[in-house]
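Numbering (mature numbering (1 follows the signal peptide of the UniProt record, and there is no 0)), first residue to last: -18 to -1, 1 to 123.
The beta-carbon is built from N, C-alpha and C at its ideal position, and this holds for glycine as well.
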Amino acid sequence: MRFAALMIVFLLALPVTAGVAAAGVTARIDLSAQKMRVYSNGRLAYTWAVSTARKGYRTPTGTYRPQRMHRMWYSRKYDMSPMPYSIFFRGGYAIHGTNSVRSLGRPASHGCVRLHPANARKLYNLVKHSGAKNTRIIIDW
C-alpha cells in the first residue's frame, strides 16, 4: 500500500501540459492564432509563427503522427515548389519550411503548415531524433 501511495505522489508531481505527451515531441498548431508550440518531453521548447491554409483551402484538424519525412521535397502539385524539412502527416499535407517568411503569422498556404526554414530544420531534427512513433502533431482551432 505504501508503494502505491508513493507512486501516486510521484505521478502527481510530473509536469503535465493539456493534450501533450510527457515523452517525445508534440507539435501543437493553433489555426486561429497561426502559432505552433513545440513540446519536447512534455516541456514547451519553442513557439513559432506559422502559415496555414488561406481562403479556399483547408488545413486538416486532428491528431496525427508523421507518415514520412524528407529533408527536401518538391511539390508535384504546386509547380515543384521547394518544401525543405518536410514532415508529412496526412497524405500530401506536411509541416515544412518556406521561403515566404513574410507570410508567417497569417493564412497563406494551400493547406500545409509552413514554418521559417530554420525552425522547420529544428522541428525536423527533433522528430528525427525522437522518432515518428514518439511524435504527435495536433492541429486545432
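On the premise that residue j lies in contact with residue i, defined as a C-beta separation below 8 Å, what is that separation, rounded to the nearest angstrom?
i              : j             : result
proline 48     : valine 109    : 6 Å
alanine 93     : alanine 15    : It is glycine, not alanine, that sits at residue 93 in the sequence shown. No, glycine 93 and alanine 15 are not in contact; Cβ-Cβ is about 18 Å, not under 8 Å.
valine 32      : methionine 54 : Not quite, the Cβ-Cβ distance comes to about 19 Å (not below 8 Å), so this is no contact.
valine 7       : threonine 117 : 5 Å
tryptophan 30  : histidine 78  : Rounded, the Cβ-Cβ distance is 13 Å, inconsistent with contact.
isoleucine 119 : threonine 43  : Actually they do not touch by this definition, with Cβ atoms about 11 Å apart.
If you run the structure through DSSP and keep just helix, strand and coil, what is residue i?
i           : result
alanine 100 : helix
tyrosine 60 : coil
lysine 17   : strand
alanine 76  : strand
valine 32   : coil
cysteine 94 : coil
serine 85   : helix
tyrosine 46 : strand
tyrosine 67 : strand
alanine 5   : coil
Rank the options by C-alpha distance to the C-alpha of residue i and give the top, closest one.
i              : options                    : result
asparagine 101 : Gly73, Thr41, Tyr67        : Tyr67
lysine 59      : His52, Ser82, Thr45, Tyr75 : Tyr75
leucine 105    : Asp12, Tyr21, Arg72, Leu13 : Tyr21
isoleucine 11  : Gly38, Arg88, Arg84        : Arg88
lysine 37      : Ser91, Val83, Arg84, Ser82 : Ser91
residue 142    : Lys115, Arg103, Ser85      : Residue 142 lies beyond the residue range present for the chain, which begins at -18 and ends at 123; the question has no answer from this structure.
Is the beta carbon of residue j closer than 9 Å to that of residue i?
i                : j              : result
phenylalanine 70 : arginine 50    : yes
alanine 9        : asparagine 23  : no
tyrosine 46      : arginine 72    : yes
residue 127      : methionine 65  : Missing from the structure shown is residue 127; the chain here goes from -18 to 123 and no further.
leucine 13       : tryptophan 123 : yes
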